[in-house]
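For the sequence shown, the numbering used here begins at -16 and goes up steadily by one.
Working notes, structure below.
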Amino acid sequence: MLDEQAWRDADVASDFYMVLPMDTSAAKVRTDVQMTYDNQNVYITAICYHALPGPYMVESLRRDWNFGKNDNFIFFIDPFDDQTNGFTFGTNAAGAQWDGLLFEGGQANLNWDNKWTSVVKNYDDKYIFEAAIPFKTIRYKKGITRWGINFSRLDLKTTEKSSWAPVPRQFPTASLAYTGILVWDQPPPSAGPNVSIIPYALAGVSREYRMDRPSEYRRDVGVDAKVAVTSSLNLDLTVNPDFSQVDVDRQVTNLDRFELFFPERRQFFLENGDMFTNFGYATIRPFFSRRIGLGVPIRFGARLSGKLNKDWRIGLMDMQTGRVDETGLPAQNFAVFALQRRIFARSNIGIIGINKESVDYTPQADKPQYSQYNRNFGFEYNLASSNNKWTGKALVLRSFSPGPSGNDYVHAGNLLYNSRKLTLGWQHEYVGRNYTAEVGYVPRRGYVKINPTASYLLFPKGGIVLSHGPRISSTYFFNESMKQTDNETFLAYTVGFRSRSSFVTWVAHDYVKLLQPFDPTNTGLDTLARGTEHRWNAWGTEFVSKPQSVFTYAFSTRYGGYYAGGTRLNLTSEVGYRFQPFVSVAVSSSYNDIRLPQPWGNRTFWLVGPRIDITMTNTLYFTAFMQYNEQARNVNLNTRLQWRYKPASDLFIVYTDNYLPGSFAVKNRALVIKFTYWWNV
């Protein structure tokens, strides 16, 4: 209602700048923001006026919604004023919350959850957002009187994105290089004793029908704890953790020669997790937390992470898993150390050390063999210019394991220039054939990679087209003797419309020399021989509809050559409809038609995934989705009911089924009920 005296006295931040469609004028949609604080919370309110008549556009009442499909107000705080790390909070126009951690200058990890309160009230000409963020929820340096801050508004009816501090259109409004300044009249109050205990209790039942096993019952308890060592340094503890409520991975049709990557979703590994998991590149990750607890129980763990001061960040983590007698897998300890130092305006240097150790391990002749230890040490320099136009990385890693030595290191680097119209990039990598990261994600070894990229955008004056332009990329792989093994050259033309829909058309040429035998259908059939060479051309299209419609759709096409002189047709689509704000329905599909000589012949693979989200309130959610994967011969059904009965405290009921396609015979089935409570001591 904004009728308290504090809001009458507070200054107003208004006069936002347009970011999209263009960043050359003031915003046309009006937003007024105020802030104040007391000893416990920082308070913020935003009056978000409508520019056009009609209802707001939202996806649902579910937390951490899709940014581009919701009218929303969010804000970004940089409580160390280092333009690198921070927090984001906000809601959509229906009041569904959004919160996350900011890292690497503007990337947001929305899997992070914490305690805060907000309410949204809608009027004919506006909606008003009001929130209280406890000082105990965020990390900041004691005594600091200047924070970086920015406010972002997205109005889908006008397709306008705006921000209080101006941000160039090629960057997200989360970019901490472009925050404004929040000056405190006195240092923000100390959060005081800040200890949170988060126990859980769980009951469940599961059964393997294919093996005709009796039902197995679960009764588990465990606890997490968060201890603020300082206002900016946090100690996380966990005993017997359980992550059964985490969303299952979205399945894909796998036609790749190398291991696929699926992101971490478990809450314990997320806060300040970028220090560990973002070390390296997408396919050179010395640490990947999903290697911990993969099919084995995690007994306990501890992590100390955060800021030592404005320039130094530290991360220490130690996890202990239990032994598995059936496979002879020993108990294992995972220890990680990371240290980061800011240099220049926004750049930093960092080091990492990783140790995986098998505890009291004696190999058994009738069981699989496991390594005694694997260690990794690395150094990297992350470049980020003050205006964010120049970014890059230089990286060196080395592994230590029993067995062969030599060629057990990595070096890589990239440099990217990104202006409003022109983008230029260069990346190179070397991964030695004996480099081993057992706690990492490095799907390919023994190669040299070179990848130049370039793109250019044109901006017509008026008309339905906002921008258009070409993009080219060429990726070369060589073996350690610098003989070429792979190349993909990709040329695309991108068109962005003022309605915020987009269209891309592309052509590509591929060359592959197989380094290992490979089944091009990944279904266990015969393999193509090592050393055989394959070349093909392909073309395709991509289209994404405007997000402000209640009916949205997207599709992509790909047709061209494939291995062994064959052809591959790939069609994907995603269709969604929302009954605002309570129900969102979506169906995604992927169809592959592969035509090869014998013994493979013609193969078709369907992957279909209908999903429904029902949000009765902004604290009670029901999600159900099914995934039919023809290649994996599996149908997966997953449903989850979540009731957030208090901030950051939940009741989950999760039901999962796996079936055989066709007969729908049950493979396995599980039901879990989990209760968590966040208690501030």
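Heads up, the beta-carbon is just placed ideally off N, CA and C, and yes, glycines get one too.
9 Å Cβ cutoff met for residue i and residue j
i, j, result
"R616", "L643", "yes"
"S135", "I27", "no"
"T468", "K496", "yes"
"F118", "Q23", "yes"
"K125", "H33", "no"
"A(-11)", "R122", "no"
"I127", "V25", "no"
"D82", "G73", "yes"
"A79", "C31", "no"
"Y356", "G311", "no"
"S384", "R416", "no"
"G408", "R381", "no"
"L165", "G131", "yes"
"S572", "R594", "no"
"Q250", "D301", "no"
"L446", "R403", "Note that residue 446 is Gly in the sequence shown here, rather than Leu. No, Cβ-Cβ distance for G446 and R403 is not below 9 Å."
"Q234", "D633", "no"
"I337", "G423", "yes"
"V188", "N621", "no"
"V319", "L299", "yes"
"G544", "T550", "yes"
Proximity to residue i [Cα-Cα], best of the options
i, options, result
"R46", "V649, A631, K657, M609", "A631"
"T406", "K372, V414, L579", "K372"
"F635", "A184, D232, F360", "A184"
"Q303", "I297, A314, E309, T310", "A314"
"V649", "D195, T14, G187, P453", "D195"
"K11", "P176, G592, L35", "L35"
"F486", "T504, P453, Q499, M465", "P453"
"E309", "S438, V279, L299", "V279"
"D509", "S482, G584, T19", "G584"
"L441", "Y418, T477, N55", "T477"
"H411", "V393, V178, A420", "V393"
"I21", "A(-7), Q234, M40", "A quick correction: the sequence has Asp, not Ile, at residue 21. The shortest Cα separation from D21 among A(-7), Q234, M40 belongs to A(-7)."
"W662", "N462, Q347, R578, S179", "S179"
"P269", "D349, T606, V448, D391", "D391"
"A420", "R152, F317, P346, E143", "F317"
"E(-4)", "R202, T14, L(-15)", "The residue you asked about is not Glu; residue -4 is Ala in the sequence shown. Selected option, being the one with the closest Cα: T14."
"L253", "N94, R152, Y560", "N94"
"N462", "G479, T436, L498, K444", "L498"
Same chain, Cβ closer than 6 Å to residue i, neighbours up to 5 away in sequence not counted
i, result
"V425", "I267"
"D576", "L552, T587"
"T652", "In the sequence as presented, Thr is not what sits at residue 652; that position holds Arg. Only R190, D640 meet the Cβ criterion."
"R273", "E247"
"W167", "T128"
"Y161", "A148, V150"
Assumed close pair residue i, residue j - CB separation to whole angstroms, cut-off 8 Å
i, j, result
"S532", "T555", "That belief does not hold up - the Cβ atoms of S532 and T555 are roughly 20 Å apart, past 8 Å."
"Q614", "F588", "4 Å"
"P580", "G548", "7 Å"
"L590", "N619", "No, L590 and N619 are not in contact; Cβ-Cβ is about 11 Å, not under 8 Å."
"G289", "R296", "7 Å"
"Y546", "W522", "With a Cβ gap of about 18 Å, Y546 and W522 do not count as contacting."
"T67", "L159", "6 Å"
"L474", "V490", "5 Å"
Contacting residues, own chain, Cβ-Cβ under 7 Å from residue i (five flanking each side not counted)
i, result
"D294", "R324, R325"
"A671", "Any answer about residue 671 is impossible in this case: the structure gives the chain only from -16 up to 664."
"N49", "E42"
"S438", "T406, G452, P453, R454"
"K339", "Q315, F317, Y356, N357, E421, V422"
Sequence-distant residues of the same chain with beta carbon closer than 8 Å to residue i, five excluded per side
i, result
"G665", "In this structure the chain extends from -16 to 664, so residue 665 is not present and cannot be described."
"S484", "F526, V527, S528, K529"
"T141", "K11, V12, A34, L35"
"Y418", "L380, R381, S382, N390, D391, Y392, V393, V425, R428"
"S388", "N417"
Any C-beta of chain D under 9 Å from that of residue i
i, result
"T535", "Absent from the structure: chain D. Only one protein chain is present."
(message) Between the region 215 to 233 and the region 281 to 293, can you find at least three pairs of beta-carbon atoms closer than 8 Å?
(response) yes
(request) Pair every Cβ in the region 515 to 522 with every Cβ in the region 485 to 495, then say whether three or more of these pairs are closer than 8 Å. (result) yes
(message) Could you check whether the region 593 to 607 touches the region 547 to 567, counting it as contact only if at least three pairs of C-beta atoms, one from each stretch, sit closer than 8 Å?
(response) yes
(message) Assess contact between the region 452 to 459 and the region 427 to 440, defined as three or more Cβ pairs (one per stretch) separated by less than 8 Å. Is contact present?
(response) yes
(message) I'd like to know if the region -12 to 8 and the region 96 to 106 are in contact, where contact means that at least 3 CB-CB pairs between them fall below 8 Å.
(response) no
(request) For the region 236 to 251 and the region 310 to 329, state whether three or more C-beta atom pairs, one from each stretch, are separated by less than 8 Å. (result) no
(request) May I ask you to verify whether the region 258 to 265 touches the region 328 to 346, counting CB pairs closer than 8 Å and requiring at least 3? (result) yes
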